[in-house]
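Each residue of the sequence shown is one higher than the one before, starting from 1 at the first, in this note's numbering.
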Amino acid sequence: MKRLALNGAGLLVALFAAFPVYWMIVTSLKPSSEIFSSTPRPLPGEPTLEHYRQILTGNLIPGVTFADFFLNSALVAGATVLLSGLVALLAATAVARFRFTLRTSFLIMLLVVQMIPLEALVIPLFLMIQRLGLYNTLPSLILTYLGFSLPFAVWMLRGFVAAVPKELEEAAAIDGASRAQTFRRILFPLVAPGLVATSIFSFITAWNELIFALTFINDQDRYTLPVAMTFFFGRDDTAWGPVMAASTIFTLPVIVFFLLVQRRMVSGLVAGAVKG
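1) State the Cα-Cα distance for the pair Ile123 and Ile211, rounded to the nearest angstrom.
2) Using a 10 Å radius around the Cβ and a threshold of 16 neighbouring Cβ atoms, would you call Gly45 buried or exposed?
3) With DSSP as the reference, label Asn59 as helix, strand or coil.
4) Whole angstroms is fine: what's the gap from Ala14's alpha carbon to Trp23's?
5) Would you report the Cα separation of Ile174 and Phe19, rounded to the nearest angstrom?
6) Using the C-alpha atoms, what's the distance from Ile108 back to Ala271?
7) Residues bridged to Thr251 by DSSP?
8) Would you check if the distance between the CB atom of Thr224 and the CB atom of Phe232 is smaller than 8 Å?
9) CB Ile129 to CB Thr80, shorter than 8 Å?
10) Assign Val95 to one of three DSSP states: helix, strand, or coil.
11) Rounded to whole angstroms, what's the CA-CA distance from Ala206 to Met1? Just pull it up for me.
12) Using 10 angstroms around the beta-carbon of Gly241, count the other beta-carbons present and answer buried if the total reaches 16, otherwise exposed.
13) With distances taken from CA atoms, which of Gly10, Val21, Leu12 and Asn7 is nearest Ile255?
14) Suppose you measure from the CA of Leu86 to the CA of Ser199; what does that come to, to the nearest Å?
15) Counting beta carbon pairs with one atom in the region 131 to 139 and one in the region 155 to 169, are three or more of them shorter than 8 Å?
16) Identify which residue in Ser149, Glu170 and Leu89 has its Cα closest to the Cα of Phe188.
17) Just list the residues that DSSP pairs Phe233 with in beta bridges.
18) Contact defined as beta carbons within less than 8 Å: I believe Leu110 pairs with Pro151. What is the distance between those atoms, to the nearest angstrom?
19) Going straight from the alpha carbon of Phe69 to that of Pro117, what length do you get?
20) For Leu6, I'd like the list of residues in its chain whose CB is within less than 8 Å of its CB, leaving aside the five on either flank, ordered along the chain.
21) Look at the alpha carbon of Phe201 and the alpha carbon of Phe148, and state the distance between them as a whole number of angstroms.
22) Who are the near neighbours of Thr182 in its chain, counting only those whose CB is closer than 8 Å to its CB and skipping five residues on each side?
23) As a quick exercise: from Leu83, Gln54 and Gly159, pick the residue whose alpha carbon is nearest that of Ser32.
Given below as structure tokens:
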């Protein structure tokens, strides 16, 4: 009976979490007449792809398509994931394996950085980006998102690296493996699940961020998807059909990325258990 109650509670939570996504997809398939109807329907009476055609073939602003915004977001998010994964893995290995001055202070600072609200950093980072000559460029967003994703990634990967027995690395060294070979063949496969988990966080951070993308980028052809979404909201009205269609497309890469790395995460856990 207790297990049944827990399963029922879990199902209710899942339905509650999934309903906004369901309503977003359903609304994107409804014609405008049904969207603004006084009696909302749970399913579209006359499904249509007009809203998808409108955003995919039209121009939100002159000369710039939805695909351009999508590509900008993909470049920024992809570069953030790759750089944060590489830097965080090296930093986590150093923190977990070596003892150095101010090591504890460094770990505490990683937590403190996470407590600072993003809004408080907009102006200082904007001035820094200007001085570096990176204003109105996509690298400015990559560096910013890298700074926000690294503390969490380093802290999380540190636990994975510390959990790997040092005896495995010592045995590899006795067998003649170099430090690079030990890192690549012993440590990396065992830490891969944690690297995947941090990659998900880094991807979502870079893919969904709006404030810095709106502040650091001036040219409209360099806008990312979160900024492009604001064009659907007017002063007097909102194009809810295109908003929901764009939101559905905006959500798909996150879901696909998670499904892909989730399989890698499971395989990495199994491989790590076998090799350990």
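Ideal placement from N, C-alpha and C gives every residue a C-beta, glycine not left out.
On the basis of the data shown:
1) 11 Å
2) exposed
3) strand
4) 14 Å
5) 56 Å
6) Only weak support exists for where Ala271 lies, its pLDDT of 45 falling under 50; the coordinates are left without a value.
7) Looking at the DSSP assignment, Thr251 forms no beta bridge with any residue, so it has no partner.
8) no
9) no
10) helix
11) 44 Å
12) buried
13) Val21
14) 10 Å
15) no
16) Leu89
17) Thr238
18) 4 Å
19) 26 Å
20) none
21) 10 Å
22) Glu169, Ala172 and Ala173
23) Gln54
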